[in-house]
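Step one of this worksheet: look at the structure below.
Residue numbers (full-length UniProt numbering): 1 to 294.
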């Protein structure tokens, strides 16, 4: 196992040079597949470049079965048929599934197989402890949204939001980052140069705090020298801003994470912020792997 990892790392850094893998090529293909299944999806893709027998071994269902979540069969609609576990794995990475009556989107991070989720705005509001939150937003359909409806801010003097969510759908022993995904309607106003305090953490533990903004033209600092995290464009046409991080232990009784966004100053009328949902994904995503296919 150690020798295989050494070979993978060597081939990763010296991919253009020929690597001697003859000692492993003499093993039965099934044995190689079993060994590779104890690595990661990214390592498996690198191992496939070592030799022809490795390439064949990596395609085995033995490998990709290990990378799939334990409950993957319950996530796949009966109408979907896949020719291999590898095809199924990449489908779960590229085509997010909608579960919980269409209020939760689930997919896998390609490099690690860790779960990623997006809670719809409807789910966010249901988890909120703010009694008037449904009066603050209106629910509108948008064709490009993955959910049936999104939440659009009606009008508010101060923007505030709070909710709690269970971690049972996330991968254990994983550090996650939390993002709010949004757009601005044509009528959006009141968010220019406005910073908000974002707090994210597992209930009962220390929380992650930072300042954020929804101003896409913000310069990064406008709160007495403190850094304000500004939005970034996504490939799907939406914007996102990172609220914070937390570590999911994955205990059998599961934890709850609490998220709060609170504007403490700048009381001015705001409207037109369109919220798609809250996205939670592993903190360090290997973007260079996201486009790699076997």
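Every residue, glycine too, gets a C-beta built ideally from N, C-alpha and C.
Annotation for residue 156: 136 and 270 place their beta carbon closer than 7 Å to its own, counting only its chain and skipping 5 residues before and after. Listed in chain order, the alpha helix (DSSP H) elements of length 4 or more contained wholly in the segment 65-121 are 72-75 and 85-94. Under the three-state reduction of DSSP, residue 142 is assigned to coil, being neither helix nor strand. Residue pairing by DSSP places residue 273 opposite 184 in a beta bridge. Counted as a single uninterrupted DSSP element, the stretch harbouring residue 38 is not any beta strand (DSSP E), since DSSP gives it neither H nor E. In the DSSP annotation of this structure, residue 58 is not part of any beta strand (DSSP E); the continuous alpha helix (DSSP H) holding it starts and ends at 52-58. For residue 256, the closest alpha carbon among the candidates 168, 182 and 121 is that of 168. Here DSSP, grouped into helix, strand and coil, assigns residue 177 to strand. Contact check between the segment 115-125 and the segment 276-283: three or more CB pairs, one atom from each, fall below 8 Å, which counts as touching.
In terms of Cα proximity to residue 179, the closest of 246, 189, 67 and 188 is 246. Less than 7 Å separates the beta-carbon of residue 109 from that of residue 282. Exposed is the label assigned to residue 143, since fewer than 16 other Cβ atoms lie within 10 Å of its Cβ. Inter-residue distance for residue 158 and residue 188 is about 14 Å (C-alpha atoms, whole angstroms).
Here the C-alpha atom of residue 173 lies approximately 17 Å from the C-alpha atom of residue 206. Taken through DSSP and simplified to helix, strand or coil, residue 213 comes out as coil. Residue 153 and residue 210 have their C-alpha atoms spaced approximately 23 Å apart.
Note on the segment 220-269: whole beta strand (DSSP E) runs with a minimum of 3 residues are 221-223, 226-229, 239-248 and 256-262, in chain order. Between the alpha carbons of residue 37 and residue 124 lies a gap of roughly 36 Å. Between residue 44 and residue 55, the gap from beta carbon to beta carbon reaches 7 Å or more. Of the residues assessed, residue 114 falls on the buried side of the cut-off, its CB having 16 or more other CB atoms within 10 angstroms.
Distance from the CA atom of residue 148 to the CA atom of residue 99, rounded to whole angstroms, is 12 Å.
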